[in-house]
Amino acid sequence: MSAASASLDAAQVASILARVAERRPRVHCLTNTVAQNVTANMLLAVGAIPSMASHPEEVAAVAAGAGAILINLGTISSEGERAIPKLLDVARERGLPLVLDPVFVELSPLRMRLAQAVLRLPGVSVRGNAAEMAALDPALARAQGVLRVTTGRIDRIEGAGSAYLVAHGHALMTRVTGLGCASSALVAACRTVEPDPALAAAAALTAYGIAGEIAAGRAAGPGSFAMHLIDALAGLDEAALAARMG
Amino acid sequence: MSAASASLDAAQVASILARVAERRPRVHCLTNTVAQNVTANMLLAVGAIPSMASHPEEVAAVAAGAGAILINLGTISSEGERAIPKLLDVARERGLPLVLDPVFVELSPLRMRLAQAVLRLPGVSVRGNAAEMAALDPALARAQGVLRVTTGRIDRIEGAGSAYLVAHGHALMTRVTGLGCASSALVAACRTVEPDPALAAAAALTAYGIAGEIAAGRAAGPGSFAMHLIDALAGLDEAALAARMG
Amino acid sequence: MSAASASLDAAQVASILARVAERRPRVHCLTNTVAQNVTANMLLAVGAIPSMASHPEEVAAVAAGAGAILINLGTISSEGERAIPKLLDVARERGLPLVLDPVFVELSPLRMRLAQAVLRLPGVSVRGNAAEMAALDPALARAQGVLRVTTGRIDRIEGAGSAYLVAHGHALMTRVTGLGCASSALVAACRTVEPDPALAAAAALTAYGIAGEIAAGRAAGPGSFAMHLIDALAGLDEAALAARMG
Numbered sequence: 001m002s003a004a005s006a007s008l009d010a011a012q013v014a015s016i017l018a019r020v021a022e023r024r025p026r027v028h029c030l031t032n033t034v035a036q037n038v039t040a041n042m043l044l045a046v047g048a049i050p051s052m053a054s055h056p057e058e059v060a061a062v063a064a065g066a067g068a069i070l071i072n073l074g075t076i077s078s079e080g081e082r083a084i085p086k087l088l089d090v091a092r093e094r095g096l097p098l099v100l101d102p103v104f105v106e107l108s109p110l111r112m113r114l115a116q117a118v119l120r121l122p123g124v125s126v127r128g129n130a131a132e133m134a135a136l137d138p139a140l141a142r143a144q145g146v147l148r149v150t151t152g153r154i155d156r157i158e159g160a161g162s163a164y165l166v167a168h169g170h171a172l173m174t175r176v177t178g179l180g181c182a183s184s185a186l187v188a189a190c191r192t193v194e195p196d197p198a199l200a201a202a203a204a205l206t207a208y209g210i211a212g213e214i215a216a217g218r219a220a221g222p223g224s225f226a227m228h229l230i231d232a233l234a235g236l237d238e239a240a241l242a243a244r245m246g
Numbered sequence: 001m002s003a004a005s006a007s008l009d010a011a012q013v014a015s016i017l018a019r020v021a022e023r024r025p026r027v028h029c030l031t032n033t034v035a036q037n038v039t040a041n042m043l044l045a046v047g048a049i050p051s052m053a054s055h056p057e058e059v060a061a062v063a064a065g066a067g068a069i070l071i072n073l074g075t076i077s078s079e080g081e082r083a084i085p086k087l088l089d090v091a092r093e094r095g096l097p098l099v100l101d102p103v104f105v106e107l108s109p110l111r112m113r114l115a116q117a118v119l120r121l122p123g124v125s126v127r128g129n130a131a132e133m134a135a136l137d138p139a140l141a142r143a144q145g146v147l148r149v150t151t152g153r154i155d156r157i158e159g160a161g162s163a164y165l166v167a168h169g170h171a172l173m174t175r176v177t178g179l180g181c182a183s184s185a186l187v188a189a190c191r192t193v194e195p196d197p198a199l200a201a202a203a204a205l206t207a208y209g210i211a212g213e214i215a216a217g218r219a220a221g222p223g224s225f226a227m228h229l230i231d232a233l234a235g236l237d238e239a240a241l242a243a244r245m246g
Numbered sequence: 001m002s003a004a005s006a007s008l009d010a011a012q013v014a015s016i017l018a019r020v021a022e023r024r025p026r027v028h029c030l031t032n033t034v035a036q037n038v039t040a041n042m043l044l045a046v047g048a049i050p051s052m053a054s055h056p057e058e059v060a061a062v063a064a065g066a067g068a069i070l071i072n073l074g075t076i077s078s079e080g081e082r083a084i085p086k087l088l089d090v091a092r093e094r095g096l097p098l099v100l101d102p103v104f105v106e107l108s109p110l111r112m113r114l115a116q117a118v119l120r121l122p123g124v125s126v127r128g129n130a131a132e133m134a135a136l137d138p139a140l141a142r143a144q145g146v147l148r149v150t151t152g153r154i155d156r157i158e159g160a161g162s163a164y165l166v167a168h169g170h171a172l173m174t175r176v177t178g179l180g181c182a183s184s185a186l187v188a189a190c191r192t193v194e195p196d197p198a199l200a201a202a203a204a205l206t207a208y209g210i211a212g213e214i215a216a217g218r219a220a221g222p223g224s225f226a227m228h229l230i231d232a233l234a235g236l237d238e239a240a241l242a243a244r245m246g
């Protein structure tokens with residue numbers, strides 16, 4: 001049901017999910033306290049392992065052994081702010097993939113400044129909604145090798161030379177807090193096993209969107225939807241993906 | 001099933017909920033990390049939008065565009081403590097409604113001092129349980145234009161000249177963490193569309209209590225109750241309200 | 001289904017749970033922000049009351065009236081770090097039982113240092129997984145009157161003179177974030193009503209594991225499992241325990 005996602009098939013998505021489930025990568029998440037729990041559960045649902053240390057004295061040591069790093073600016077604290085340069089150092093020294101989620105960057109000069117600092121690292125994947133990505137556009141234009149992942153009714157994934165459109169998901173996904181934040185963590189998890197950042201993001205959002213469609217068919221409202229989404233994501237296989245990828 | 005709630009009918013509650021769903025007000029919540037997630041989900045269930053920044057450097061900028069502010073003292077941090085005067089300034093300058101939730105104020109001299117500082121602002125709505133409201137009584141007595149919302153088996157809403165009793169809800173609501181905290185956020189959401197603070201609070205607690213009654217009929221325990229409560233709140237309509245408001 | 005748990009029968013576990021439900025002890029939890037919500041809900045499910053203050057200026061006052069203290073090192077903040085010595089003072093002065101959960105202690109020199117500081121208090125119960133307990137072994141060997149609770153497929157509880165093996169639980173318990181952390185809070189809750197630390201821990205983990213087995217029979221995946229676990233724990237009685245304790 002998506003234009004350019006013709007180039008992405010169920011076997012590719014299933015293969016990336018299978019590699020995550022097999023290798024069990026750890027994703028270090030500096031993320032907001034509202035979304036931490038659902039983010040951790042979504043990572044666990046695909047077989048990845050979350051770690052969430054943020055104390056400046058330990059964050060580098062804990063993140064060093066991870067397979068990817070997520071920096072989400074929601075409810076950023078002074079301590080989280082001081083953790084960011086340490087995480088950027090770890091990502092640079094170890095060559096770890098880094099995903100930025102610029103929550104509400106359009107509302108806060110502080111978050112804009114922090115997002116700009118993150119984007120000085122080359123090769124960052126940025127996952128945000130249309131308002132966040134528009135506000136961040138000048139910094140994204142300057143960033144080197146950045147992947148733009150703009151989620152909405154149709155997700156647009158735009159990297160150097162490759163692009164995907166993902167037209168999966170359900171309106172209930174906007175009625176539960178933290179589900180956008182959790183999708184950024186899934187992008188990071190898939191990136192640990194797939195070197196092409198655009199393909200990794202497309203696979204993550206396709207799997208997530210299809211899990212959302214399945215969950216919407218089982219849910220009685222946003223409360224039960226969250227639970228069904230985790231169950232559906234944990235149970236996704238190639239047949240279920242193929243059935244909805246047309 | 002409530003004495004003075006004779007003056008509140010299903011049409012009034014439904015009208016306030018409809019205005020929230022239509023206008024989608026943002027409620028800025030400085031709230032405890034235990035209750036953030038369920039508070040955000042409860043706001044989303046009625047169509048409001050949560051924001052939860054607390055960093056002193058950004059909290060004023062983020063709260064400035066909100067329709068109301070909630071200050072909840074649970075798990076208050078030094079950083080949250082420094083955010084409070086900034087939120088009070090925003091509320092004063094922009095005339096934003098402010099709701100105070102004095103969690104465990106009876107156990108902590110720090111929280112008592114912070115609650116007293118909040119209550120120097122006129123027109124605050126305070127939502128707490130009997131122990132919290134009793135401990136805060138001297139400060140409430142001094143406060144100007146305060147609305148007292150004491151929740152329990154029967155919720156008492158006492159403002160200047162107007163009073164409501166709300167006798168809805170279910171015992172399971174005390175078995176899930178953060179549900180009291182979330183009710184304070186709903187009071188704030190309703191206040192953004194209803195200028196009478198007592199009516200706004202009565203509508204919020206009536207809707208919440210009735211959603212709790214519906215959820216209790218579907219739940220197998222406190223775990224499933226939380227999910228059904230969100231679903232029931234998201235699905236409330238005038239007919240469902242009328243059926244239980246007698 | 002457990003070797004040494006021959007010495008633990010359903011009546012003993014049920015008696016400890018009944019005492020918790022009747023006395024409603026408060027457990028003060030300095031715990032990570034990922035697990036706070038599920039920890040609080042698990043305590044409420046057995047009838048205990050959670051409190052989670054961490055501000056160094058109030059943590060002693062709030063913890064003073066609790067029946068037990070939990071220190072969990074996950075997502076430790078600078079402020080939480082400063083709260084630890086204050087909680088140790090309260091535990092020492094009031095003779096309150098203290099449970100330590102050394103999350104990811106093997107990854108962080110900071111957490112190792114904090115765990116060592118906690119273990120200078122005599123009589124601490126420590127609940128961790130095999131990797132955490134192994135990393136902490138030298139400090140545990142030096143600690144006075146410590147109880148080691150190593151959870152995994154079979155939980156090992158080793159105190160001075162008494163030992164239990166608990167072979168209950170389900171693999172889904174490792175697929176939901178915070179469930180290990182929540183088990184440490186249950187150990188603390190049971191310790192408030194049972195003076196023998198090993199028996200308290202064995203009862204807590206037996207009840208939790210059996211609730212997990214019941215929940216696994218009802219769940220469609222890790223999302224619904226969490227909810228069913230809370231429901232099952234809240235509904236446990238001696239008959240349900242006896243049916244699975246053989």
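Chains A, B and C, in that order, give the protein sequences.
For the record, in the first sequence the residue sitting at position 148 is 148 according to the UniProt record's numbering, with numbers rising by one throughout.
For the record, in the second sequence the residue sitting at position 114 is 114 according to the UniProt record's numbering, with numbers rising by one throughout.
For the record, in the third sequence the residue sitting at position 63 is 63 according to the UniProt record's numbering, with numbers rising by one throughout.
Every residue gets a Cβ at the ideal spot worked out from N, C-alpha and C, and that includes glycine.
For residue i, report the span of its alpha helix (DSSP H) as first-last.
i	result
residue 38(A)	36-45
residue 100(A)	Residue 100(A) -> not in any alpha helix (DSSP H); beta strand (DSSP E) instead, spanning 98-101.
residue 231(A)	222-235
residue 137(B)	137-142
residue 238(A)	238-245
residue 16(A)	10-23
residue 84(A)	78-94
residue 163(A)	Run containing residue 163(A): none in the alpha helix (DSSP H); it sits in the beta strand (DSSP E), 163-166.
Rounded to whole angstroms, what's the CA-CA distance from residue i to residue j? Just pull it up for me.
i	j	result
residue 65(A)	residue 26(A)	8 Å
residue 251(B)	residue 147(B)	Any question about residue 251(B) goes unanswered here, given that chain B covers just 1 to 246.
residue 130(B)	residue 46(C)	23 Å
residue 9(C)	residue 132(C)	29 Å
residue 83(B)	residue 54(B)	6 Å
residue 31(A)	residue 162(B)	43 Å
residue 62(A)	residue 245(C)	39 Å
residue 36(B)	residue 7(C)	42 Å
residue 194(A)	residue 17(A)	10 Å
residue 154(B)	residue 69(C)	33 Å
residue 115(C)	residue 160(C)	20 Å
Just checking my contact of residue i with residue j at CB under 8 Å: how many whole Å lie between their CB atoms?
i	j	result
residue 200(C)	residue 187(C)	7 Å
residue 189(A)	residue 43(A)	6 Å
residue 122(A)	residue 86(A)	Residue 122(A) to residue 86(A), Cβ: 18 Å. No contact.
residue 34(C)	residue 52(A)	6 Å
Does any CB atom of chain C fall closer than 8 Å to the CB of residue i?
i	result
residue 235(A)	yes
residue 33(A)	yes
residue 76(B)	yes
residue 37(B)	yes
Measuring alpha carbon to alpha carbon, tell me which of the options ends up nearest residue i.
i	options	result
residue 183(A)	117(A), 7(A) and 40(A)	40(A)
residue 185(A)	72(A), 239(A), 165(A) and 220(A)	72(A)
residue 234(C)	36(C), 15(C) and 21(C)	21(C)
residue 59(B)	96(A), 15(A), 179(A) and 110(A)	110(A)
residue 75(C)	15(C), 178(C) and 158(C)	178(C)
residue 204(A)	226(A), 149(A) and 223(A)	149(A)
residue 164(B)	50(B), 29(B), 213(B) and 196(B)	196(B)
residue 138(A)	224(A), 120(A) and 152(A)	120(A)
Please report the residue range of the beta strand (DSSP E) in which residue i lies.
i	result
residue 247(B)	What the structure shows of chain B is the stretch from 1 to 246, and residue 247(B) is not part of that stretch, so it cannot be assessed.
residue 71(B)	68-72
residue 196(A)	Per DSSP, residue 196(A) belongs to no beta strand (DSSP E) and is neither H nor E.
Is there a Cβ from chain B that is less than 8 Å from the Cβ of residue i?
i	result
residue 139(A)	no
residue 136(A)	no
residue 7(C)	no
Would a check of beta-carbon distances place residue i closer than 8 Å to chain A?
i	result
residue 232(C)	no
residue 178(C)	yes
residue 65(B)	yes
residue 2(B)	Caution applies to residue 2(B), whose pLDDT of 38 falls short of 50 and renders its modelled position unreliable; the value that the coordinates give is listed next. No, because no Cβ of chain A sits closer than 8 Å to the Cβ of residue 2(B).
residue 159(C)	no
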